[in-house]
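**Q**
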Amino acid sequence: YGYKLSVDTLKHILNLSKKHSRSSPLKDLIKSPFLFAKTGWLYEHAPSFVFYHRYRQEELDSYILQFAGNYRSLFLANQASFDFQEKLDNLRRVLAGTFWEKEIWDPVEMIVWARKNNLAGLELDVDFHPFNCARLLPEEFSEDKRHEIGAAAARFGIKIDIHSPIVGPYAPFPNADRGKPLFCNPLDSLGPQRETIFLARDIGAGSVVVHLIDLTRIKEMANLVMTAAGTPVRVTVENYCETEKRQDADTQGRIQA
């Protein structure tokens, strides 16, 4: 993912996990190499993005322990309830986005929430956010979870789209003042972008939304789009507010010429 974790951070998380019972959420979580790394990302980013440089060590440790507990209870062990009166008609033509959602971690639960609120669909934000522990990257979706998401969406008739990663860890320093988000330009983080397209294929999503940050790299974007070749997934290029030029066919034509 392009972010270098401190060895001291990993040692501290290991030691923190040993202070609790054998079945503690943190101890179980870091058995996964990726989730061990993600916990490290959160540990190093929290001083800037969560505590704004005002915290005690025990507060930071508590934050990590809470993350591990929530990850297990709200995502890994969550069982969404389908026991409600379904509204089958007159869906509002609205798609809810999950970028800022912090309470619901499990996408299946988000699908149930959308159905209860009579919405037509969801745009799932797949990402790492240093300011929001509830965001998930494609690597975190097991085969069973992918099937569960697709089945829930099909059952309730919820349209699913995915917004590709646009934040990620900050490098070279884990704060907004001295670092930049590694996933901001999708062409500089092709691994997570491609994995997002594969996730969309597996859950039956209709579209993956990506940002075209640098118009001069249109051919590279075309190659990314071709990742979806042979699947029902459509890769949708979305305008990005911080580009210097308009993102339209005329501008792209002049650049290619």
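Read in the numbering used here, the sequence shown has 1150 at position 168, and its numbers run on one by one without any break.
Just so you know, even glycine gets a beta-carbon here, dropped at the ideal spot from N, CA and C.
1. For the beta strand (DSSP E) containing Ile-1144, name the first residue and the last one.
2. On the criterion of 16 or more Cβ atoms from any shown chain inside 10 Å, does Ile-1012 qualify as buried, or is it exposed?
3. Is it right to say Leu-996 is buried, meaning 16 or more other beta carbons lie within 10 angstroms of its own, or is it exposed?
4. Go to Val-1191, then tell me how far its beta strand (DSSP E) extends in each direction, as first and last residue.
5. Note down the Cα distance separating Ala-1153 from Pro-1089, rounded to an integer number of angstroms.
6. Report the CB separation of Ala-1136 from Ile-1179 in whole angstroms; it is logged as a contact under 8 angstroms.
7. Just reading off the alpha helix (DSSP H) that Arg-1183 is part of, what are its end residues?
8. Looking only at C-alpha atoms, which of Ser-988, Phe-1031 and Leu-1047 sits nearest to Lys-1001?
9. Less than 8 angstroms separating the beta-carbons of Phe-1155 and Phe-1031?
10. Might you give, ordered along the chain, the residues of its own chain that have their beta carbon closer than 8 angstroms to the beta carbon of Lys-1141, omitting 5 neighbours on each side?
11. Within the same chain, show all residues whose beta-carbon is closer than 6 angstroms to that of Asp-1184, passing over the 5 residues directly before and after it, in chain order.
12. Please work out which residues of its chain come closer than 7 angstroms, Cβ to Cβ, to Tyr-1037, disregarding the five sequence neighbours upstream and downstream, and give them in chain order.
**A** Considering the structure as presented:
1. 1141–1145
2. Ile-1012 is buried by the Cβ-count criterion.
3. Per the 10 Å Cβ criterion, exposed.
4. 1189–1193
5. 28 angstroms
6. Rounded, the Cβ-Cβ distance is 20 angstroms, inconsistent with contact.
7. 1172–1185
8. Each of Ser-988, Phe-1031 and Leu-1047 was checked against the Cα of Lys-1001, and the nearest Cα belongs to Leu-1047.
9. If you check the CB distance, Phe-1155 and Phe-1031 do not come in under 8 angstroms.
10. Leu-1077, Ala-1102, Gly-1103, Leu-1104, Ala-1135 and Gly-1188
11. Arg-1128
12. Pro-1029
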